[in-house]
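Which chain is which? The protein sequence lines are F and V, in order.
Heads up: the first sequence runs through residues 1 to 281, numbered per full-length UniProt numbering.
Heads up: the second sequence runs through residues 1 to 281, numbered per full-length UniProt numbering.
By construction, the Cβ of each residue, glycine as well, lies at the ideal position given by its N, Cα and C atoms.
Just so you know, these numbers come straight off a predicted model, no measurement behind them.
Right, one structure below, let's go through it.
Number of protein chains: 2
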Amino acid sequence: MKKLKRSGRLVDMTHYLLQHPHQLVSLSYFSDRYQSAKSSISEDLTIVKDIFESQGFGSLLTIAGASGGVKYVPMVNDNEGQAFVNELCKKLEDEKRLLPGGYLYMMDILGSPRLMNEVGRLFAAVFSSQQIDAVMTVATKGIPLAYAIGTYLDVPVSIVRRDHRVTEGSMVSINYVSGSTKRIQTMSLARRSLEEGANVLIVDDFMKAGGTAKGMMDLLQEFHANVVGIGVLVEAEDAAAEKRLVDDYVSVTRLEEVNDKERLVKAVPGNVLEKLKEVKQ
Amino acid sequence: MKKLKRSGRLVDMTHYLLQHPHQLVSLSYFSDRYQSAKSSISEDLTIVKDIFESQGFGSLLTIAGASGGVKYVPMVNDNEGQAFVNELCKKLEDEKRLLPGGYLYMMDILGSPRLMNEVGRLFAAVFSSQQIDAVMTVATKGIPLAYAIGTYLDVPVSIVRRDHRVTEGSMVSINYVSGSTKRIQTMSLARRSLEEGANVLIVDDFMKAGGTAKGMMDLLQEFHANVVGIGVLVEAEDAAAEKRLVDDYVSVTRLEEVNDKERLVKAVPGNVLEKLKEVKQ
């Protein structure tokens, strides 16, 4: 690639780093790419680091030594995170999403890549300091969120299914009890879609009594995998929480009240912003 | 936000534009954001444009006039596109993915956000000049690809389902004939998950006889929506293609041979790279 001036290098470097989150990039890579001295590259990276960190959209870790380099870790600016979570709560409180039986229509939110990517960046920031080898979710609604997180953490996604398809090869299945309906259900994961002993982040769009999350935790045991954390976009109101099957999870929003008769939905921020603060300390 | 020097502006601007594909950003926005004269902003954008376009990862359209500004359109560098498609073919030819009945295990590919995002960028580039309001796919395996494309085109995703969930509200359902198995099946889309008259890009992970794609086209008629195009990651071998139900589509790869007995898979590039060339002319 042709020799670039600093201004050009900064643009290309920023693009390259944003395309390679959580990947260690050696100084030699950049100095070869731009045919520039490592000293100039280091100066470039200092400028990039300053902006990433002052703007709050990422941190740039510098690893010294022969095998060293830089690593871009996606982060979320506190104010932007706050504003985004409030915006989500506001969206959830739109009574038009109330469905018979007090269910909430959420595909307008889950169907927006832009929103999913913002949530994904938020979770990636919260779990940025932990060793995560895969993100796991259950079909169908958890998938967009899982890929958004997987993108920012640069890890693969494992999709648990409630049916069994020939295209999955051999699968590991377990039965679990849906916490809310108390029905026995089955979930399966393709044997080869997750490595034994992997460190896994479980995500889902909605958590009521936590039966599905608990099921995924049980399924992970079959793979001798470790649960690093659980992230959900929306957690149901406390009524359901009292008998919740899992207690340690990160939520973006929490429903305080869903009243079908009075056409009322009350949503408040979950614990994700506190978790984000903890990570930044 | 604090006043930035050019070097800092270039880094922040690159990040901002990459986060907002296909969105018109006014010069005033940047000059306010950086408290800099529009003349300096224009110079910044010329540098950004040069790099984006010389590196081939995007074009920067400049719209003149009061309502004008710049728009980042994700593109794919020809060599990178070529290398990526070849890499995908190589992956597909790994005989380990052969399943009983000649099915192919693909979750290692579909489960990789990094790969899905590259395919997404490829399709977003190919369809960049067309008016697209939504990407539509059918659960489950088409979803990762649909969101990757939706991200780069900045449009919502509509997920067609084969079951009917209470959380979808009222749904529009149609019956369709699976081209390969000839079985009658049902697919449904939530009434409010797609606007009437929308211009839709249909995507799926795999196309055999095209029955599913044809079904989605029929379903779109119920929404008085227009099919802008069809994109698939893998198209099946010609044997199936002879009686294929749809003929105009863009494919990343094509299977030439899948031989269960001899443990052989032969994959070649689809027509996506020719389509990319056409777009760039």
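- The Cβ neighbour count for serine 28(V), taken over all protein chains shown within 10 Å, is under 16; the residue is labelled exposed.
- Excluding residues up to 5 positions away in sequence, Ala190, Arg191, Arg192 lie with their Cβ nearer than 8 Å to the Cβ of glycine 169(F) in the same chain.
- Near chain V, meaning a CB-to-CB distance below 7 Å, the residues of the stretch 12-38 of chain F are Asp12, Thr14, His15, Leu18.
- Counted as a single uninterrupted DSSP element, the beta strand (DSSP E) harbouring methionine 171(V) occupies residues 171-177.
- By the rule that beta-carbons nearer than 8 Å mark a contact, methionine 106(F) touches chain V.
- Residue environment analysis places serine 39(V) among the exposed positions, since fewer than 16 neighbouring C-beta atoms fall within 10 angstroms of its C-beta.
- When DSSP states are grouped into helix, strand and coil, serine 193(V) belongs to the helix group.
- Per DSSP, the continuous beta strand (DSSP E) segment holding serine 251(F) begins and ends at 250-259.
- Using a Cβ-Cβ distance cut-off of 8 Å, the stretch 111-131 of chain F and the stretch 171-180 of chain V are not in contact, since fewer than three pairs of beta carbons, one from each stretch, lie closer than that value.
- With respect to the 8 Å criterion, leucine 201(V) and valine 265(V) are not classified as neighbours on the basis of their beta carbons.
- Residues of chain V with a Cβ closer than 8 Å to the Cβ of leucine 99(F) are, in chain order, Val166, Thr167, Gly169.
- DSSP, read as helix, strand or coil, puts isoleucine 132(F) in coil.
- Under the Cβ criterion of 8 Å, threonine 186(V) is not counted among the residues facing chain F.
- Among the residues of chain F, those whose CB is under 7 Å from the CB of alanine 139(V) are Ala139, Thr140, following chain order.
- The beta-carbon separation of serine 129(F) and valine 279(F), rounded to 6 Å, stays under the 8 Å limit for a contact.
- Within the DSSP secondary-structure output, proline 74(F) pairs in a beta bridge with Gly58(F).
- DSSP, read as helix, strand or coil, puts arginine 161(F) in strand.
- Under the rule that a run must span 4 or more residues, the alpha helix (DSSP H) segments found entirely inside the UniProt domain "Bacterial purine repressor N-terminal" (5-74) of chain F read 6-19, 27-34, 38-55.
- Assignment of glutamate 235(V) by DSSP, reduced to helix, strand and coil, places it in the strand class.
- Taking the Cα positions, glycine 68(V) is about 42 Å away from alanine 139(F).
- The Cβ atoms of arginine 263(V) and glutamate 93(V) lie no closer than 8 Å to each other.
- Fewer than three pairs of CB atoms, one per stretch, sit closer than 8 Å, so the stretch 205-224 of chain V makes no contact with the stretch 75-83 of chain V.
- Look at glutamine 130(F): its C-beta is not under 8 Å from any C-beta on chain V.
- The three-state secondary structure of lysine 266(F), taken from DSSP, is strand.
- Apart from the 5 residues on each side of it in sequence, serine 158(F) sits with its Cβ closer than 7 Å to the Cβ of Ala134, Met136, Leu189, Ser193, Leu194 in its chain, given in chain order.
- Taking CB atoms only, glycine 8(V) has a neighbour in chain F less than 8 Å away.
- For the stretch 190-203 of chain V, the residues whose beta carbon sits under 8 Å from a beta carbon of chain F are, in order, Ala190, Arg192, Ser193.
- Scanning Leu233(F), Val119(F), Ser180(F), Val227(F) for the CA closest to the CA of alanine 198(F) turns up Val227(F).
- Non-local C-beta neighbours of glycine 120(F) in its own chain, meaning closer than 7 Å and more than five positions away in sequence, comprise Leu145, Ala148, Ile149, Thr151, Tyr152, ordered along the chain.
- For glutamate 222(F), same chain residues with a beta-carbon under 6 Å away, outside a window of 5 residues either side, are Val172 in chain order.
- By the rule that beta-carbons nearer than 8 Å mark a contact, asparagine 259(F) does not touch chain V.
- Under the 8 Å criterion on CB atoms, tyrosine 72(F) is classed as non-interfacial with respect to chain V.
- For glutamine 185(F), the three-state secondary structure derived from DSSP is strand.
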